[in-house]
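Asker: Can you keep this structure in mind? I'll have questions shortly.
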Amino acid sequence: MKKVIVYLVTLLSLVSLASCVDIEEREDTPTGNFEALWKILDEHYCFFDYKQKEYGLDWNDVYAKYKVRVNDNMNTTQLFEVLCDMLSELRDGHVNLSSSMDYGRYWKWQEDYPKNCDDLLIDKYLGTDYKIASGMRYRVLDDNIGYIRYPSFESAVGEGNLDEALSYLLLCRGLIIDIRDNGGGNLTNAERLAGRFVHEKTLVGYMQHKTGTGHNDFSEMKEMYLEPSSNLRWYKKVCVLTNRSVFSAANSFAVWMHCLPNVTLVGDNTGGGSGMPMNNSLPNGWTVRFSACPIYDKDKQQTEFGIAPDVAVDLSCDINIDEGRRDDIIEAARQLLVK
Amino acid sequence: MMRINHIWLLAFSFWLLALPANSQEQTANSPKVITRSTMIGIGGTNILDTYLSDEHFKGTGISFLSTIERQKENCRWSTLMEHEANLSSCKSRNAQHELEGAYNFYWGKLYRWQLLDGALSLQAGGLVNASLGFIYNTSNGNNPAQARAHLNMMPTGVASYRFQLFNKQIVARYEVNLPLAGIQFSPNYGQSYYEIFSRGDYDHNVVPTTFVCAPEWRQQLTLDAAITRKITLRIGYLGNLQQSKVNNIRQHVWTHRFLIGITKRFSITPHGL
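Here it is in structure tokens:
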């Protein structure tokens, strides 16, 4: 007994002492920060394979291309610019570099397209006597169509808010949910809202995550189901208004609603952003955000670059508001709902 | 092969913990001696969790440690129970901030040998360690925190030595706990907490561990000196190096604390009705 314990303690002591769980920190130099950023993305980013097929992204080529632009004599502004240029090769709105002086971003997925959303026009439809339920503004339009404006899923919406809003709009002929310019937020807010329009457990997509550092180390795809809310639900027709600035959680909302039979997407393509992001940090304290967990549609297709609407409509800009300009996307949705 | 090793190690641990049952009957009516110490500590903390950041975070923390040892006279077996709670605030080399907190509960049995006419006491046995904790990174927006939980079997050794110094009775005590096997909670490498807790999609989130993938090392060295007839001062050091490498995530929380507290020793004599 004594011998067993002595041997065991000696063995465990040696193993424990010899096994420090640690990693080597990179130097806080421009080169060290460049290497750290490239490596973090190399090991954690989730769309390398997909984007290689879409537009030929090769992360090793990106390393070679930008490595020559980095040296230890550059200042922080120059380094920030090079690192942001490197990250923009990923063409991902979820990839950002945060420093105290700037916020590195890739926003071409919305900047290069028509905006298709005008807050002044929306205000004209909402008037001044609209109702507010947490993050939602809503009212009944003149032709008895319900209108809900939800510009950000960062703003929480509770079951009580949804009960009140849907009760108020109960007698409407149809409902417009305007999520244009909704850049995302909390996925559970999107789920809670979508749960009011589904009447049986419905497969709306798949999700997976990385299980290792390799570009193709992924878990199996897990089904994502929308569960019907046990509270008040909407059975009539719904139009969801989208534009290129519908991103991240709002993109997921559009993808999920697209699975439902009584829902029509109206407007422009969504912006995408289907990778749930995570953060890490560089030796100099800058924080990097990147897509980590890909979310797919119900057919296991990527929606990273957005989805197309059922009815494509652009805002016309040939007359101004004072001359009676109307929101063409809202008007198109109204026509669909009164048919 | 790995699974067989885990089962063997767990079985051995339970055997270690089950040993005292044989000798309990003959000492059922012996007085029970209880040594209870309560200490607080302050010292350094070093945190690494690659799920949150590849940077190291260093800082200061405080700890509370309560140790209770129960032993019947004429019995070589004793029961040791410890509560350890700590809270730390740490910064990276570029002033990013992490908070860390944990509660550890230890319970187990120790077998005693008396040497040098009772001046030296050696104890060996095993403890079960249940731990709950968190690491919170204030810079991360999407993965701001890491939950920590594990259950470990820990072979344990204790050496106590009594001696006189300046006409005071001093007791020096050294305790070391090493990991053998256990289980630990961990998200998978790139798995989000949204998947685990909102969607219920689990993926190797309860991981078997051994001293190879979770090589922990906990030790404490204390000195007891009687201040009055009723109060004994205890000062010492507690080092708790908790670390793991599971699901491709490396994590360590190393805490070093200088402790101060009091110790009470009293006995309870059972009375038959």
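So the sequence lines, in the order shown, correspond to chains D and C.
The opening residue of the first sequence carries number 1 in the working numbering; numbering runs sequentially from there.
The opening residue of the second sequence carries number 340 in the working numbering; numbering runs sequentially from there.
Ideal placement from N, C-alpha and C gives every residue a C-beta, glycine not left out.
#1: Mark Q530(C) as exposed unless 16 or more other C-beta atoms lie within 10 angstroms of its C-beta, in which case mark it buried.
#2: Assuming V246(D) and F197(D) make a contact with CB atoms under 8 Å, what is their CB distance in whole Å?
#3: When the Cβ atoms of the stretch 280-289 of chain D are set against those of the stretch 248-255 of chain D, are three or more pairs found closer than 8 Å?
#4: Taking only beta-carbon atoms, is C259(D) less than 8 Å away from chain C?
#5: Any beta-carbon of chain C closer than 8 Å to the one on H215(D)?
#6: Run through DSSP, which three-state label would F550(C) get?
#7: Mind listing, in chain order, the continuous alpha helix (DSSP H) runs of no fewer than 4 residues lying wholly within the stretch 474-552 of chain C?
#8: So, for T374(C): in the same chain, excluding its five sequence neighbours on each side, which residues have a beta-carbon less than 7 Å away from its beta-carbon?
#9: With 8 Å set as the bound, which would you pick, yes or no: does the beta-carbon of T242(D) sit closer than that to a beta-carbon of chain C?
#10: Comparing the C-beta of Y533(C) with each C-beta of chain D, is any distance below 8 Å?
#11: What are the residues of the stretch 484-499 of chain C that lie near chain D, defined by any Cβ-Cβ distance shorter than 8 Å?
#12: State buried or exposed for R573(C), treating a residue as buried only when at least 16 other CB atoms are found within 10 Å of its CB.
#13: Using only CA atoms, which one of Y576(C), V585(C), R589(C), E412(C) lies nearest to S402(C)?
#14: Any beta-carbon of chain D closer than 8 Å to the one on Y528(C)?
#15: Any beta carbon of chain D sitting closer than 8 Å to that of R451(C)?
#16: Which partner residues does V592(C) have in the DSSP bridge list?
#17: Roughly how many angstroms separate the alpha carbons of L282(D) and W256(D), rounded to a whole number?
#18: Between S606(C) and V372(C), how many whole angstroms is the CB-CB distance? I'm expecting something under 8 Å.
#19: Name the chain D residues that come within less than 9 Å of L479(C), Cβ to Cβ?
#20: With H, G and I counted as helix, E and B as strand and the rest as coil, what does DSSP make of S98(D)?
#21: Helix, strand or coil, according to DSSP, for P294(D) in the structure here?
#22: As a quick exercise: from C46(D), G158(D), T77(D), pick the residue whose alpha carbon is nearest that of L90(D).
#23: Evaluate W556(C) with the Cβ neighbour count: other Cβ atoms within 10 Å of its Cβ, from every protein chain shown; 16 or more gives buried, anything less gives exposed.
#24: How would you list, in chain order, the residues of chain C whose beta-carbon sits under 9 Å from the beta-carbon of H199(D)?
#25: Mind checking who G575(C) pairs with in its DSSP beta bridge?
#26: Going by DSSP, what residues sit across from C239(D) in a beta bridge?
#27: Could one say the Cβ of A292(D) lies closer than 8 Å to chain C's Cβ atoms, at least one of them?
#28: Return the residue from the list F253(D), W234(D), W109(D), M101(D) that minimises the CA-CA distance to S152(D).
#29: What did DSSP end up calling N144(D) once you bin it into helix, strand or coil?
#30: Just to confirm my understanding: we take I177(D), look at its own chain, exclude 5 residues before and 5 after, and list those with CB closer than 6 Å. What are they?
#31: Does L387(C) have its Cβ less than 8 Å from a Cβ in chain D?
#32: Note down, in chain order, each residue of its chain lying with its Cβ closer than 8 Å to the Cβ of L598(C), except the 5 sequence neighbours on either side.
#33: For W452(C), count neighbouring Cβ atoms within 10 angstroms of its own Cβ and tell me buried if that reaches 16, exposed if not.
#34: Got a sec: is the Cβ-Cβ distance from I40(D) to anything in chain C below 8 Å?
#35: Ends of the beta strand (DSSP E) at M257(D)?
#36: At a cut of 8 Å, does the stretch 256-265 of chain D reach the stretch 579-590 of chain C through at least three beta carbon pairs?
Answerer: Reading off the structure:
#1: Buried, because 16 or more other Cβ atoms sit within 10 Å of the Cβ of Q530(C).
#2: Contact between V246(D) and F197(D) fails: their C-beta atoms lie close to 17 Å from each other, not under 8 Å.
#3: Flag = no, the stretch 280-289 of chain D and the stretch 248-255 of chain D do not touch.
#4: In terms of beta-carbon proximity, C259(D) stays away from the interface with chain C, with every pair separated by 8 Å or more.
#5: Chain C contact via Cβ: absent.
#6: Secondary structure of F550(C) (DSSP, three-state): coil.
#7: The qualifying runs do not exist here; there are none.
#8: Within the same chain, T374(C) has close Cβ partners E408, T602, R604.
#9: Chain C, which has no Cβ nearer than 8 Å to the Cβ of T242(D), makes this no.
#10: Yes, because at least one Cβ of chain D sits closer than 8 Å to the Cβ of Y533(C).
#11: Going along the stretch 484-499 of chain C in chain order, one finds P494, G496 with a Cβ nearer than 8 Å to chain D.
#12: R573(C) is buried by the Cβ-count criterion.
#13: Out of Y576(C), V585(C), R589(C), E412(C), Y576(C) has the C-alpha closest to the C-alpha of S402(C).
#14: So yes, Y528(C) belongs to the interface.
#15: Chain D, which has no Cβ nearer than 8 Å to the Cβ of R451(C), makes this no.
#16: BP columns for V592(C) point to I386(C), Q581(C).
#17: Their Cα atoms are separated by approximately 36 Å.
#18: The beta-carbon separation of S606(C) and V372(C), rounded to 5 Å, stays under the 8 Å limit for a contact.
#19: The question names Leu, but residue 479(C) is Asn in the sequence shown. Per Cβ cutoff of 9 Å: M278, N279, N280, S281, T287, R289.
#20: DSSP places S98(D) in the strand class (E or B) of the three-state scheme.
#21: P294(D) carries a strand assignment under DSSP once its states are collapsed to helix, strand and coil.
#22: The candidate whose alpha carbon is nearest that of L90(D) is C46(D).
#23: That one is buried.
#24: Here the premise fails: no neighbours, minimum Cβ distance about 21 Å.
#25: T561(C), L598(C), per the DSSP bridge assignment.
#26: BP columns for C239(D) point to I176(D), T264(D).
#27: Using beta-carbon distances, A292(D) counts as an interface residue toward chain C, with a partner under 8 Å.
#28: Minimum Cα distance to S152(D) is reached at F253(D).
#29: Three-state DSSP puts N144(D) in coil, outside helix and strand.
#30: Around I177(D): I148, V240.
#31: It does; some Cβ of chain D falls within 8 Å.
#32: Result list for L598(C): M378, I379, G380, S402, L404, Q559, T561, R573, I574, G575, Y576, L577, in chain order.
#33: Within a 10 Å sphere around the beta-carbon of W452(C) sit fewer than 16 other beta-carbons, which makes this residue exposed.
#34: True, the Cβ-Cβ gap to chain C drops below 8 Å.
#35: Under the DSSP assignment, M257(D) falls outside any beta strand (DSSP E), being part of the alpha helix (DSSP H) whose first and last residues are 249-258.
#36: No: fewer than three Cβ pairs fall under 8 Å.
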